[in-house]
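Numbering (the working numbering), first residue to last: 69 to 306.
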């Protein structure tokens, strides 16, 4: 009796195609289930995409405004040479432009953080700066509030430098913190996780007319750029 001959077809390509199709179908099912779960939890993908588009548009607008302000600032810097009275007026205008550019730069950093660029956001933000007048002439209290623009995971520490700019005898002049405090304090120190308020008493030189204050916040972490912002001098009654 002769043995039967059995012929089997070997098609590896078909097996690979079937396996690949099953893998793609499984991934598609997982994606659909993921989107269905997010939708059930109240997440609107279309609304999120629209919000992201609006934020990117706002970023472009702020960048354009920053470019225009910097051009205007450069033009004002070039016209500083002149009479003494003109110098004081130009200095005041430059301070206002610098303060506006600083505010717009912080707004730009905030919107970048919202759309996923939070890695470029500063670790410390100047939440508030106030000047409080006291009963003594030329004596004031500087009140500075620092916060964290992103979710803090640990404490942050560093120093704060303060410069008061204005005019004296009709000439532009600026004073560092060490020149305004009796103990020659060069900088303020901070250490916090969520929020910290710093109060510092200063005494202005006689005849000095303050116009703006520049605050520079420096952290002790390597590679982190300092945060600098200017504020127009506006003393509040105590």
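Ideal Cβ placement from N, Cα and C applies to all residues, glycine included.
Anyone know if the C-beta pair for residue 201 and residue 304 falls short of 9 Å? Here the question's residue 201 lines up with position 133 in the chain shown. Here the question's residue 304 lines up with position 236 in the chain shown. A contact, by the Cβ cut-off of 9 Å.
With burial defined as no fewer than 16 other Cβ atoms inside 10 Å of the residue's Cβ, what is the status of residue 88: buried or exposed? Along the chain shown, one-based indexing puts residue 88 at 20. Its Cβ having fewer than 16 others within 10 Å, residue 88 is exposed.
On the DSSP bridge assignment, give the partners of residue 267 in chain order. Reading the chain shown from its first residue, position 199 is the one you call residue 267. Bridge partners of residue 267: 211.
Determine the burial state of residue 281: buried for a count of at least 16 other Cβ atoms within 10 Å of its Cβ, exposed for fewer. Stepping through the chain shown from its first residue, residue 281 is reached at position 213. With a threshold of 16 other beta carbon atoms within 10 Å, residue 281 meets it and is buried.
Beta carbon of residue 268 nearer than 9 Å to that of residue 300: Within the chain shown, numbered from 1, the residue matching residue 268 stands at position 200. Within the chain shown, numbered from 1, the residue matching residue 300 stands at position 232. No, Cβ-Cβ distance for residue 268 and residue 300 is not below 9 Å.
Could you name the residues of the same chain whose beta carbon sits closer than 8 Å to that of residue 170, not counting the 5 residues immediately before and after it, in chain order? Numbered from 1 along the chain shown, position 102 holds the residue referred to as residue 170. So the list reads 296, 297, 298, once near-sequence residues are dropped.
Could you tell me the distance, in whole angstroms, from the CA atom of residue 124 to the CA atom of residue 140? Translated into positions along the chain shown, residue 124 becomes position 56. Translated into positions along the chain shown, residue 140 becomes position 72. Residue 124 and residue 140: Cα-Cα distance of roughly 25 Å.
Residue 191 and residue 264: beta carbons closer than 9 Å? Reading the chain shown from its first residue, position 123 is the one you call residue 191. Reading the chain shown from its first residue, position 196 is the one you call residue 264. Not closer than 9 Å, so no.
Residue 259, enclosing beta strand (DSSP E) - first and last residue: For the purposes of this step, residue 259 is identified with residue 191 of the chain shown, where counting begins at 1. Where residue 259 is concerned, the enclosing beta strand (DSSP E) starts and stops at 256 to 260.
Are the stretch 254 to 262 and the stretch 121 to 138 touching, with three or more C-beta to C-beta distances below 8 Å? The stretch 254 to 262 vs the stretch 121 to 138: no contact.
Among 126, 234, 288, 206, whose alpha-carbon lies nearest the alpha-carbon of residue 157? As a position in the chain shown, residue 157 is number 89, starting the count at 1. The residue with the shortest Cα to Cα distance from residue 157 is 234.
For residue 221, which three-state DSSP category applies? Stepping through the chain shown from its first residue, residue 221 is reached at position 153. In the structure shown, residue 221 sits in coil (DSSP, three-state: anything other than H, G, I, E or B).
Separation of residue 232 from residue 258, as counted between CA atoms: Mapped onto the chain shown, residue 258 falls at position 190. Mapped onto the chain shown, residue 232 falls at position 164. So the two alpha carbons sit approximately 20 Å from each other.
Just mark residue 196 as buried or exposed, buried being the case when its beta carbon has 16 or more other beta carbons within 10 Å. Within the chain shown, the letter at position 128 stands for residue 196. Its Cβ having fewer than 16 others within 10 Å, residue 196 is exposed.
Using DSSP's beta-bridge definition, name the partner residues of residue 194. Counted from its first residue, the chain shown places residue 194 at position 126. DSSP lists 214 as partners of residue 194.
Pairwise C-alpha distance: residue 225 and residue 218: Taking the first residue of the chain shown as position 1, residue 218 is located at position 150. Taking the first residue of the chain shown as position 1, residue 225 is located at position 157. So the alpha carbons of these two residues sit roughly 15 Å apart.
How many whole angstroms separate the CB atoms of residue 228 and residue 285, which I take to be in contact at a CB cut-off of 8 Å? Residue 228 sits at position 160 when you count from the first residue of the chain shown. Residue 285 sits at position 217 when you count from the first residue of the chain shown. At roughly 5 Å, the Cβ-Cβ gap stays under 8 Å, so residue 228 and residue 285 are in contact.
Strictly by DSSP, which residues pair up with residue 240? Numbered from its first residue, the chain shown carries residue 240 at position 172. Per DSSP, the beta bridge partners of residue 240 are 235.
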